[in-house]
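2 protein chains.
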Amino acid sequence: MAREDTRRPPATLHDVAREAGVSLATASRTLNGSTRKVNDEYRARVLTAAEALGYVPNLQAQAVARGRTTTVGIIVADITDPYFSQIAGGIITATDAEGLVATIGVSGRDPEREVRLVSALRAQRPSGIVLVGSRVADAELTSRLTSQLRDFEAEGGHVVLVSQAGLPFDTIAFDNIEGAGALARRLADAGYRRAVVLAGPEELLTSRERTQGFIEGYAAAGHPSPSLEAVHSAFTRDGGYEAMGRLLDQDGERPDLVFAVNDVMAVGAMARLRDAGLEPGRDVAVAGFDDIETLRDVSPGLTTVRLPLEQGGTTAVELLVRRAAAPSLVRLPAEVVVRASTPALR
Amino acid sequence: MAREDTRRPPATLHDVAREAGVSLATASRTLNGSTRKVNDEYRARVLTAAEALGYVPNLQAQAVARGRTTTVGIIVADITDPYFSQIAGGIITATDAEGLVATIGVSGRDPEREVRLVSALRAQRPSGIVLVGSRVADAELTSRLTSQLRDFEAEGGHVVLVSQAGLPFDTIAFDNIEGAGALARRLADAGYRRAVVLAGPEELLTSRERTQGFIEGYAAAGHPSPSLEAVHSAFTRDGGYEAMGRLLDQDGERPDLVFAVNDVMAVGAMARLRDAGLEPGRDVAVAGFDDIETLRDVSPGLTTVRLPLEQGGTTAVELLVRRAAAPSLVRLPAEVVVRASTPALR
DNA sequence: AAGATGCAGGGAAGCGCTTACCAGAGGGCG
DNA sequence: CGCCCTCTGGTAAGCGCTTCCCTGCATCTT
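If you want it as structure tokens, here you go:
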């Protein structure tokens, strides 16, 4: 069957108006919301015509005519990563509850690409951009990103950052430091003394905050762990696996606790432990961060810090819609979740 | 700091042309790709002006003027589910490699909502729609969906379905039946005799195919399992957990193998087994489907069927771009992955 | 009863862009 | 040297829609 047989361009408002025997203005007013009232009979005729022609308004044209869009641009580092997909889920749900269109770009954890994506997104003249960051401590990149975002705001757009505070835009920040700190205090109190942090990439801010929070927490508990060190690696499962391997290859006493800065890395670390014939939890306690849904049933259950990821997404959209006068910062609390991977805590 | 201080609308092509002292047409031709050649000096002036003004073309306006967009609409059931997020990842990567804009909608596994999303998407006049389905065996819904999609194609759009064959559109189908069949044959040969299928929702086509493939595979192995039954439940972790519970509550001999129609359900089932004091793998073998990345390190390792999910996404975009004359069907192969959760297989 | 007021429809301008078409310049050719 | 072709810049007509503004009519006011 040839597919182009019945090709026929979509009905326009003009078509509807003609069909209904009214003016373009009237058709527009009845179909696409206006403060103006239109006569019930006309209204009915327009509605019927629209239905008959299968009219669907052309959003692009509306955007051009109105001078604003209902689009929200989302940028995430990696949609495949449950951390991002949960936040993105929240954003998408919230956007289409607000009748907004969500456009998505994936930076692949490449800050350069992130900057380019912002610029590409701006071409769509979205009403807002939500950047779910893997922000990085690099002054030059940060300044390029900031300047792109500033330009966008100067044009009337609205930027919301999810994840990292410190930039002059509306921000949803998760309590990384506090969460990691609380976890550390409890672990320290429970008696773990040779803790190691699987810290992710050195320049990644999320990693840094969690590492820092954890170390400070240990100190605050009055049990500064002299051997407390941070091993850097990729922010992924493989990163966790590989870093754990390096740790095991080292001489000296084996750690009694490994804190990975995210759950995915923790799972990688657990796999590496098993490959070395060690039982995670029993031989080496493991803790993670994020409380990723998909990972809640790993065995032994992973002690972690829960973040309201989805809520972060929805809150971001709220901020976008209710556009405050000055940049605001919403902090979302973290909560320690104790499971079997840190037996001393039970 | 008030944010609106320096508010200034984005530069238009008109601004650029004026700044460069050339006509609109020339500016358009140099900036936004055209077959027409423009004088090097003019070109340079336009480029400089554009740079100076921070000009970013207005995609909406281009779309209106050109009568076509570079947008691709994506509809998935649940971006939080790793199955969908991996496919979506493939789609997004491929779209922006092609310079297309990806717009995303989430149906929440509600077929009604899916139909509405298609209709909403059409308002954006995307060049294509990729529907990553949880298609369902309901004639009325299917026909409404089909008719929406048909209308869209009649308008010159292009539809690609990922997941379920059988509708008159380009389709990427995973080898559910063959994959489940191959898995079943191996398990049957390995000696499992009291197999049960955790089958997901009765009306979900993916569930059906996998269940059917598995049962047929068992029969084909010459070991028709008389007790082989299918227990229905939600397609989620909780569905797996709950169905496993029902199974355990039943009288009679305990199954020696549970095949869940996806990994997430399998993990739920494993959790339920543990809660009942049973050790997955040892006491009851477990197998899943999808080989979700995040779940590759669960313990015991989950025997499953690997699907090239990301590739499915990229292939979908390829189909979209190279728009064939007649609907084509691309089948993507499944591959059995044996791990520790089915010890008899090792 | 006559002007004032309110109300809803329609005409048309305009959003930012593309592109068909026109016009002028330059070059090649017989 | 005139003709025609080619080449490139500009003009202006749209694309599908919104919305300002005008108009005619019904209603109100005194």
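Residue numbers (full-length UniProt numbering), protein chains in the order written: chain A, 1 to 346; chain B, 1 to 346. The beta carbon of each residue, even a glycine, is placed where N, CA and C say it ideally should be. The structure presented is a predicted model; accordingly, all values stated were derived computationally and were not measured.
Only counting the same chain, and skipping five residues up and downstream in sequence, which positions put a Cβ closer than 7 Å to that of residue i?
i	result
Gln212 of chain B	Ile177
Glu202 of chain A	His232
Pro224 of chain B	Tyr218
Ile92 of chain B	Ala102
Leu167 of chain B	Thr146 and Leu161
Gln250 of chain B	none
Val321 of chain A	Glu98
If we count the other Cβ atoms within 10 Å of its Cβ and call it buried at 16 or more, is residue i buried or exposed?
i	result
Pro300 of chain B	buried
Gly200 of chain B	buried
Asp263 of chain A	buried
Pro333 of chain B	exposed
residue 349 of chain B	Nothing about residue 349 of chain B can be read from this structure; chain B reaches only from 1 to 346.
Thr48 of chain A	exposed
Arg135 of chain B	buried
Ala77 of chain B	buried
Gly67 of chain A	exposed
Hey, how far is the Cα of residue i from the Cα of residue j?
i	j	result
Leu131 of chain A	Leu247 of chain B	45 Å
Glu114 of chain A	Thr315 of chain B	24 Å
Ala123 of chain B	Thr71 of chain B	11 Å
Val56 of chain A	Gly99 of chain B	26 Å
Ala120 of chain B	Pro10 of chain A	14 Å
Pro226 of chain B	Leu187 of chain B	Any reading at Pro226 of chain B must be qualified, since the residue scores a pLDDT of 49, below 50, and its modelled position is unreliable; the value itself is stated next. Cα-Cα distance, rounded: 15 Å.
Ser143 of chain A	Pro327 of chain A	18 Å
Arg116 of chain A	Leu145 of chain A	9 Å
Gly128 of chain A	Gly157 of chain B	27 Å
Gly277 of chain B	Asp238 of chain B	18 Å
Thr294 of chain A	Ala61 of chain B	42 Å
Arg346 of chain B	Phe235 of chain B	28 Å
residue 348 of chain A	Ala154 of chain A	Residue 348 of chain A lies beyond the residue range present for chain A, which begins at 1 and ends at 346; the question has no answer from this structure.
Leu204 of chain B	Gln164 of chain B	10 Å
Pro308 of chain A	Ala173 of chain A	11 Å
Ile94 of chain B	Tyr42 of chain A	With the sequence shown as reference, residue 94 of chain B is identified as Ala, and Ile is not the correct amino acid for it. So the two alpha carbons sit approximately 46 Å from each other.
Val330 of chain B	Thr171 of chain B	6 Å
Arg339 of chain B	Thr30 of chain B	58 Å
Who are residue i's beta bridge partners in DSSP?
i	result
Ile75 of chain A	A:Gly105 and A:Leu131
Asp290 of chain A	A:Arg306
Leu332 of chain A	A:Phe174
Leu204 of chain B	B:Val136
Phe259 of chain B	B:Val197 and B:Ala287
Pro280 of chain A	A:Val284
Glu229 of chain A	A:Val196
Val338 of chain B	Looking at the DSSP assignment, Val338 of chain B forms no beta bridge with any residue, so it has no partner.
Val159 of chain A	A:Ile129
For residue i, which option in the options has the closest C-alpha, if you only look at C-alpha atoms?
i	options	result
Ile215 of chain A	A:Val258, A:Ala324, A:Arg43 and A:Arg254	A:Val258
Gly54 of chain A	A:Ile87, A:Arg210 and A:Val16	A:Val16
Glu253 of chain B	B:Arg109, B:Arg194 and B:Ala234	B:Arg194
Ala221 of chain A	A:Gly313, A:Glu140, A:Ala182 and A:Arg208	A:Ala182
Pro255 of chain A	A:Gly281, A:Glu155 and A:Gly156	A:Gly281
Ala266 of chain A	A:Val284, A:Asp249 and A:Arg346	A:Val284
Thr303 of chain A	A:Ser341, A:Leu329 and A:Val321	A:Ser341
Pro111 of chain A	A:Val46, A:Arg346, A:Gln148 and A:Val298	A:Gln148
residue 350 of chain B	A:Gly157, A:Ile79 and A:Arg116	Within the shown structure, residues of chain B are numbered from 1 to 346, placing residue 350 of chain B beyond reach of any answer.
Leu125 of chain B	B:Ala25, B:Gln311, B:Arg29 and B:Ala65	According to the sequence displayed, residue 125 of chain B carries Arg and not Leu. Of the candidates B:Ala25, B:Gln311, B:Arg29 and B:Ala65, the one whose C-alpha sits nearest the C-alpha of Arg125 of chain B is B:Ala65.
Glu310 of chain B	B:Arg150, B:Phe84 and B:Leu13	B:Phe84
Gly179 of chain B	B:Arg274, B:Arg339, B:Val261 and B:Glu318	B:Val261
Ile104 of chain A	B:Gly67, B:Asp249, B:Leu24 and B:Ile74	B:Ile74
residue 352 of chain B	B:Ala97, B:Asp96 and B:Phe289	Only positions 1 to 346 of chain B appear in the structure, and residue 352 of chain B is not among them; the question remains open.
Arg8 of chain B	A:Arg109, A:Arg150, A:Leu59 and A:Leu24	A:Arg150
In chain order, what residues of the same chain lie with their CB nearer than 6 Å to the CB of residue i, ignoring the 5 residues before and after it?
i	result
Ala344 of chain B	Ala190 and Gly191
Arg272 of chain B	Tyr241, Met244 and Gly245
Phe152 of chain A	Arg122
Ala230 of chain A	Val197, Ala199 and Thr211
Ala63 of chain A	Thr69
Arg306 of chain B	Asp291, Glu335 and Val337
Asp40 of chain B	none
Val118 of chain A	Gln148
Ala27 of chain A	Leu13, Val16, Ala17 and Val46
Going by beta carbon distance, what residues of the same chain come within less than 8 Å of residue i, once the five residues before and after it are set aside?
i	result
Glu19 of chain B	Ala49, Ala52 and Leu53
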